[in-house]
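Trainee: Following this message is one structure expressed as structure tokens.
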Amino acid sequence: MDALKRRLNFDPLARPYRWLEYLTFGRALERCRFHFLPALTAAKHALVLGDGDGRFLARLLAANPDLHADVVDISPAMLHLLNERLTPEARERVTLHQMDARDFMPPETSYDLVVTHFFLDCLAEPELAALVDKIASRLQPGSIWVISEFAQPRGRVASLVGKVIVSVLYRIFVMLTGLETRSLPDHGAILQGHGFRLAAERQWLRGLLASQLWQY
């Protein structure tokens, strides 16, 4: 596992990621990320894991001037882009943690919001279960976890197409970043097992993309 962590490198994707995203899926991933943004304006302390170049965080901080956030990302290049995107005022409300999220130990504080956009698919199910267990211990009752992820569409044809797309994406990320995960974890079952309930969901691209709001 330690060797795996040393091999992970998302820096090569930092600069081109936004444009690669637009070329492959248009604005669908952005719509997925931003869908529940209006429901997050009352949050006070957020934990944001793997926000990449910071497009979501910048909007969240602009929409919620009272929010403070801990941001965790393994890629220094991604964190640099994220920090550049923030206004000077917003930077004062953000604490950056350049590290593997699996090693992150939440401070002795309580969060009322967790954000993971296209991040959980980088974890194997045992890793995800351990991460959820660690984060849940720092959440207030009623806290919200917002998730955007690829999903397995329903229906014979859509399911087959979805499997091909997800498989190709994993192959690309394996080659570019050293990622070892090759299948989508069942994050829903893990969250439910830790006391979360799915409060709302919106799907795109016939179910290939899903934005979810879970409540603790």
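According to this note's numbering, the stretch in the sequence shown is residues 62 to 277, in order.
For every residue, glycine included, the Cβ atom is placed at its ideal position computed from N, Cα and C.
1. Is the segment 184–195 touching the segment 118–133, taking contact as three or more C-beta pairs under 8 Å?
2. Using the three-state DSSP reduction, which class does residue 199 fall into: helix, strand or coil?
3. Go ahead and label residue 81 buried or exposed: buried means 16 or more other beta carbons lie within 10 angstroms of its beta carbon, across all protein chains shown.
4. Out of curiosity, what's the CA-to-CA distance linking residue 225 and residue 247?
5. Would you tell me roughly how many angstroms separate the C-alpha atoms of residue 181 and residue 266, rounded to the nearest one?
6. So, using beta-carbon positions, are residue 108 and residue 175 closer together than 8 Å?
7. Go ahead and pull the three-state DSSP assignment for residue 208.
8. For residue 25, which residues does DSSP report across the bridge?
9. So, using beta-carbon positions, are residue 227 and residue 245 closer together than 8 Å?
10. The beta strand (DSSP E) that contains residue 177, what's its start and end?
11. Helix, strand or coil for residue 186 per DSSP?
12. Does residue 281 pass the burial test, meaning 16 or more other C-beta atoms within 10 Å, or should it be called exposed?
13. Taking its Cβ as the centre, do 16 or more other Cβ atoms sit within 10 Å of residue 202, making it buried, or is it exposed?
14. Just to confirm, are residue 114 and residue 94 a CB contact at a threshold of 8 Å?
15. In this structure, does DSSP put residue 101 in helix, strand or coil?
16. What is the rounded straight-line gap between the Cα of residue 183 and the Cα of residue 242?
17. Grab me the residues of residue 260's own chain with a C-beta within less than 7 Å of its C-beta, minus the 5 sequence neighbours each way, in chain order.
18. Can you give me the C-alpha to C-alpha distance between residue 72 and residue 167, rounded to a whole angstrom?
Mentor: Straight from the coordinates:
1. no
2. The residue labelled residue 199 in the question sits at position 138 within the sequence shown. In the structure shown, residue 199 sits in coil (DSSP, three-state: anything other than H, G, I, E or B).
3. On the sequence shown, residue 81 is found 20 positions in, with the first residue counted as 1. When all chains shown are included, residue 81 counts as exposed.
4. On the sequence shown, position 164 is the one that residue 225 refers to. On the sequence shown, position 186 is the one that residue 247 refers to. Near 18 Å, if we compare the C-alpha coordinates of residue 247 and residue 225.
5. The residue labelled residue 181 in the question sits at position 120 within the sequence shown. The residue labelled residue 266 in the question sits at position 205 within the sequence shown. Taking the straight line joining both Cα atoms gives about 19 Å.
6. One-based indexing of the sequence shown puts residue 108 at position 47. One-based indexing of the sequence shown puts residue 175 at position 114. Their beta carbons are under 8 Å apart, which means residue 108 touches residue 175 by this criterion.
7. Walking along the sequence shown from the start, residue 208 turns up at place 147. Residue 208 falls in the strand class under three-state DSSP.
8. Here the chain covers residues 62 to 277 and nothing more, so residue 25 does not appear.
9. For this step, residue 227 is matched to residue 166 along the sequence shown. For this step, residue 245 is matched to residue 184 along the sequence shown. Yes, the Cβ-Cβ distance between residue 227 and residue 245 is below 8 Å.
10. Here residue 177 refers to the residue found at position 116 of the sequence shown. Per DSSP, residue 177 belongs to the beta strand (DSSP E) from 172–178.
11. Walking along the sequence shown from the start, residue 186 turns up at place 125. The answer is helix: DSSP assigns residue 186 an H, G or I state.
12. Absent from the model: residue 281. The displayed extent of the chain is 62 to 277, so no value can be given.
13. Here residue 202 is taken as the residue at index 141 of the sequence shown, counted from 1. The residue in question, residue 202, is exposed, as its Cβ has fewer than 16 Cβ neighbours within 10 Å.
14. Position 53 of the sequence shown holds residue 114. Position 33 of the sequence shown holds residue 94. No. Outside cutoff.
15. In the sequence shown, counting from the first residue as 1, residue 101 sits at position 40. Residue state, collapsed to three classes: helix.
16. Start at 1 with the first residue of the sequence shown, and residue 183 comes out as number 122. Start at 1 with the first residue of the sequence shown, and residue 242 comes out as number 181. Roughly 6 Å between the two C-alpha positions.
17. Here the question's residue 260 lines up with position 199 in the sequence shown. Result list for residue 260: 274, 275, 276, in chain order.
18. Within the sequence shown, residue 72 is the residue found at index 11, counting from 1. Within the sequence shown, residue 167 is the residue found at index 106, counting from 1. For residue 72 and residue 167, the distance between alpha carbons rounds to 24 Å.
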